[in-house]
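Beneath this line is the structure, given in structure tokens, with notes to follow.
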Amino acid sequence: MKICLISAEVAPFAKTGGLGDVAAALARALAAAGHEVRIFLPLYGNLRTGWDTIVGVDFLRDIPLQMGPHHYRFSIQTAPLPGGGPWVYFVGCPPLYARPSVYSAEWDEPLRHAALTRAALLSCQRMGFAPDILHVNDWHAGLAPLLLKTEFGWDRLFARTKSVLTIHNLAYQGVVPWKYVREIGLEGSAAQLAGSAGAGRFGFLETGLVHANAVTTVSRTYAREIQTPAQGFGLDGLLRRMGGKLLGIPNGVDTQEWSPVDDAKIPAAYTADDLSGKAICKEKLLEEAGLTPADGAPVIGIVSRMSSQKGFELCFRALPRLLDEEDLRIVVLGSGDPRLEGFFDGLQRRYPERVRFANRYDDALAHRIEAGSDMFLMPSKFEPCGLNQMYSLLYGTVPIVHRTGGLADTVSIYDPETGEGTGIVFDHFTEAGLDWALRGALKLWKQPEHWKRMQQNGMAQDFSWTQRVKEYEALYGLLTG
Ligand code: ADP
Ligand code: GLC
């Protein structure tokens with residue numbers, strides 16, 4: 002099949018969270034399964050890598066891009082996705098994308114994303130690329146299913162193209178004031194824009210949900226949860242009415258990037274049968290963090306965007322209390338909400354020998370924390386899928402998670418009676434719930450046979466994309482069949 006993907010993030014070029022990992026891994030897995038995949042991403046001013054491999058495409062230069070009253074021009078540059086992946090098409094349009102961050106809070110943010118969709122479809126036309134599937138991600142590309150039918154509907158190139166929209170996070174919907182109809186140049190399709198959020202506004206994501214041929218989200222539990230008022234962010238009614246058009250397909254792990262057997266970013270490799278390398282990773286991590294050697298104490302790792310979604314407010318009292326009572330180390334990597342950053346910063350000041358907070362984005366350190374920690378804390382309030390708990394399982398790092406979304410689907414509670422289960426899962430999103438989980442984890446830590454069993458159970462899990470991609474192929478087949 003010919004597949005056109007659109008995403009605001011594609012790792013390793015541009016990533017702020019799991020969207021980048023997943024867009025890249027899916028593209029790679031689809032290409033490996035024999036499909037012809039082209040993936041579109043803005044040429045951001047802060048691409049993390051790739052500047053040395055990207056080349057211009059001669060016949061895709063200086064293409065006019067009209068956005069309402071705004072005239073832009075874009076040029077396409079391309080590079081293969083590292084790790085044997087398909088071609089990534091970077092949309093170069095300096096007035097929109099030459100900025101120091103992937104997302105911005107500027108007035109033209111909706112234009113930046115709408116422009117990516119238009120540029121992708123215009124490029125398909127110029128390349129004569131007739132996608133069977135146009136698969137777009139999150140609110141950023143939410144206008145694509147509509148534009149395919151309206152603005153680009155005249156072009157026979159797209160006559161057979163079916164659209165798929167994946168929700169990675171329903172909390173972000175791209176709801177914008179009605180004036181953007183004019184700013185983006187959507188007057189012709191204004192009647193088809195969806196805006197249940199309130200008068201005088203429309204939503205990119207909601208419009209996408211209405212017009213896409215199929216909608217997916219990134220775990221089975223989240224697919225159910227978003228149909229409830231509690232987790233539907235106002236769109237649960239629409240999602241409930243979708244019936245079979247809405248489908249949960251779990252994310253996988255890109256094992257080329259995340260595998261303790263051959264991860265170049267960690268100090269020592271290891272396997273489930275021989276965990277001695279993990280002990281070295283732990284020692285080095287504590288050394289690097291400038292913390293007191295463990296001497297039998299466990300290390301709890303956290304790698305996360307600091308956002309209210311991640312549930313860290315439950316830690317405000319639970320972690321200091323635990324640190325006062327138990328010997329443990331905590332290594333945290335993340336940035337975002339100043340209130341949460343402030344909490345972890347305060348924690349490291351209060352326990353300078355035992356807590357370290359790296360307040361930044363650092364991919365290599367994320368790998369070293371996954372490998373060097375004994376436990377991984379992810380108390381998310383909601384979690385569409387979550388990747389770090391899966392990385393943790395594969396790295397023998399026991400996840401402590403709230404039972405929600407993808408966390409509920411990927412981590413099972415360890416039962417000492419049967420020796421089955423992979424981590425600690427708590428049901429109640431309360432301080433008491435988290436406290437119970439942390440204390441349960443520490444109790445098991447003190448029983449090495451159980452701990453090792455739990456680690457090995459986790460390391461034996463299969464989250465490979467070769468399996469996951471079959472579900473996308475089945476969906477594409479159904480739509481085009
Ligand atoms: P979300 O997409 O909601 O942020 P996921 O668990 O799906 O959550 O994915 C997060 C991804 O971003 C993981 O690959 C994680 O390692 C990475 N990540 C998050 N924060 C940081 C950080 N500060 N430094 C490096 N990697 C990070
Ligand atoms: C979102 C979600 C996260 C998910 C990721 C990739 O950012 O918050 O749970 O794993 O997208 O799908």
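Under our numbering, the residues of the sequence shown are numbered 2 to 482, in order.
Where is the CB? At the ideal position from N, CA and C, for every residue including glycine.
Source: prediction; values computed, not measured.
Next on the checklist: For the region 358-370 against the region 207-222, do three or more pairs of beta-carbon atoms, one drawn from each stretch, fall closer than 8 Å, so that the two count as touching?
Outcome noted: Flag = no, the region 358-370 and the region 207-222 do not touch.
Checklist entry - Is the beta carbon of VAL165 within less than 7 Å of some heavy atom of the ligand HEM? => result Of the ligands one can find in the structure shown, namely the ligand ADP and the ligand GLC, none is the ligand HEM.
Checklist entry - Going by the beta-carbon positions, is the gap between ALA442 and MET391 smaller than 8 Å? => result Contact annotation: ALA442 and MET391 have beta-carbon atoms that are not nearer than 8 Å.
Checklist entry - For the region 324-332 against the region 285-301, are there 3 or more C-beta pairs whose distance is under 8 Å? => result Yes: at least three Cβ pairs fall under 8 Å.
Next on the checklist: Quick check: is any heavy atom of the ligand ADP less than 7 Å from the C-beta of LEU323?
Outcome noted: No, the ligand ADP has no heavy atom inside 7 Å of this Cβ.
Next on the checklist: Give me the residue from ASN47, GLY93 and ARG39 with the minimum Cα distance to PRO65.
Outcome noted: For the set ASN47, GLY93 and ARG39, the Cα lying nearest the Cα of PRO65 is the one of GLY93.
Checklist entry - Roughly how far, in whole angstroms, is the beta-carbon of LYS246 from the beta-carbon of LEU480, given that I think they are within contact range, below 8 Å? => result Under the criterion of beta carbons closer than 8 Å, LYS246 and LEU480 do not qualify as touching, at roughly 10 Å.
Checklist entry - With DSSP run on the structure shown, which of helix, strand or coil describes LYS382? => result Coil, per DSSP.
Checklist entry - Near THR118, what residues of its chain come up, given a Cβ to Cβ distance below 8 Å and the 5 sequence neighbours on each side ignored? => result Excluding positions up to five away in sequence, the list reads ILE7, VAL137, ALA142, LEU144, ALA145 and LEU148.
Next on the checklist: Can you list, in chain order, the residues of its chain with a C-beta nearer than 7 Å to that of ALA215? Leave out the 5 residues immediately preceding and following it.
Outcome noted: Cβ within range, chain order: VAL165, LYS246, LEU248, LEU476 and LEU480.
Next on the checklist: Comparing C-alpha positions only, which one of PHE344, PRO339, ALA298 and MET243 sits nearest to GLU326?
Outcome noted: Considering only alpha carbons, the answer is ALA298.
Next on the checklist: Quick check: LYS283 and VAL300, are their CB atoms within less than 8 Å of each other?
Outcome noted: Taking 8 Å as the Cβ cut-off, LYS283 and VAL300 qualify as a contacting pair.
Next on the checklist: With a threshold of 8 Å, are at least 3 pairs of Cβ atoms found where one atom belongs to the region 174-194 and the other to the region 100-107?
Outcome noted: The region 174-194 makes no contact with the region 100-107, as fewer than three CB pairs between them are under 8 Å.
Checklist entry - Does DSSP put TYR473 in a helix, a strand or coil? => result The answer is helix: DSSP assigns TYR473 an H, G or I state.
Next on the checklist: Just to confirm the assignment, what range does the alpha helix (DSSP H) spanning GLU184 have?
Outcome noted: That run of the alpha helix (DSSP H) goes 181-185.
Item to check | Element boundaries [alpha helix (DSSP H), containing VAL373] | outcome: Just to set this straight, residue 373 is Gly in the shown sequence, not Val. Annotation: the continuous alpha helix (DSSP H) that includes GLY373 extends over 364-373.
Checklist entry - What's the gap between the Cα of LEU171 and the Cα of ILE227? => result C-alpha separation (whole angstroms): 8 Å.
Item to check | Distance cut-off 7 Å: VAL219 Cβ against heavy atoms of the ligand GLC | outcome: VAL219 Cβ: within cutoff of the ligand GLC.
Checklist entry - How would you write the range of the beta strand (DSSP E) that LYS3 sits in, first residue to last? => result Residues 3-7.
Item to check | Exercise answer, beta-carbon shell around the ligand GLC heavy atoms below 7 Å | outcome: Listed along the chain, these residues meet the criterion: GLY18, GLY19, LEU20, ASP22, VAL23, HIS169, ASN170, VAL219, ASN252, GLN310, GLU384, PRO385, CYS386, GLY387, LEU388, GLY406 and GLY407.
Next on the checklist: Quick test of the definition: if touching needs 3 or more C-beta pairs under 8 Å, does the region 8-28 touch the region 118-135?
Outcome noted: The region 8-28 and the region 118-135 do not touch, with fewer than 3 CB-CB distances between them shorter than 8 Å.
Next on the checklist: So, at 8 Å on beta carbons, what are the nonlocal neighbours of THR151 in its own chain, with the 5 sequence-adjacent residues on each side left out?
Outcome noted: Result list for THR151: GLY189, SER190 and GLN193, in chain order.
Next on the checklist: On the DSSP letters alone, give me the boundaries of the beta strand (DSSP E) that LEU135 sits inside.
Outcome noted: Per DSSP, LEU135 belongs to the beta strand (DSSP E) from 134-138.
Checklist entry - Between which two residues does the beta strand (DSSP E) carrying TRP88 extend? => result Taken as a continuous stretch (DSSP letters only), the beta strand (DSSP E) holding TRP88 covers 88-93.
Checklist entry - Which whole-angstrom value describes the C-beta separation of ARG161 and ASP133, a residue pair presumed to lie in contact below a C-beta threshold of 8 Å? => result In this structure ARG161 touches ASP133 by the C-beta definition: roughly 6 Å separates them, less than 8 Å.
Next on the checklist: On a Cα-Cα basis, can you pick out the residue from PRO251, ARG242, GLU10 and THR79 that is closest to HIS114?
Outcome noted: Selected option, being the one with the closest Cα: GLU10.
Checklist entry - How far does the beta strand (DSSP E) with PRO65 in it reach, from first residue to last? => result Unbroken beta strand (DSSP E) run through PRO65: 64-68.
Checklist entry - Since ARG119 is in the beta strand (DSSP E), which residue starts that stretch and which ends it? => result Judged by DSSP secondary structure, ARG119 falls outside any beta strand (DSSP E) and instead within the alpha helix (DSSP H) spanning 110-128.
Item to check | Exposed unless 16 or more other CB atoms sit within 10 angstroms - verdict on PHE345 | outcome: Answer is buried; the Cβ neighbour count reaches 16.
Checklist entry - Is ALA80 closer than 8 Å to GLY51 when the C-beta atoms are compared? => result A distance below 8 Å separates the beta carbons of GLY51 and ALA80.
Checklist entry - Of all the options GLN457, VAL182, VAL58 and GLY129, which has the alpha carbon lying nearest to the alpha carbon of ASP109? => result Residue VAL182 is the option with its Cα nearest to ASP109.
Item to check | Straight-line Cα distance separating GLU288 from THR423 | outcome: So the two alpha carbons sit approximately 28 Å from each other.
Checklist entry - Under the DSSP definition of a beta bridge, which residues are partnered with TYR73? => result Beta-bridge analysis with DSSP links TYR73 to LEU66.
Checklist entry - Can you tell which of ASP436, GLY18, PHE234 and GLN448 has its C-alpha closest to the C-alpha of ALA319? => result When each option's Cα is compared against that of ALA319, the closest is ASP436.
Checklist entry - Can you tell me where the alpha helix (DSSP H) with ALA290 in it begins and where it stops? => result 277-290 is the span of the alpha helix (DSSP H), which, as asked, contains ALA290.
Item to check | Nearest residue (CA-CA) to MET198, options HIS212, ARG225, GLY233 and GLN78 | outcome: Just to set this straight, residue 198 is Ala in the shown sequence, not Met. Considering only alpha carbons, the answer is GLY233.
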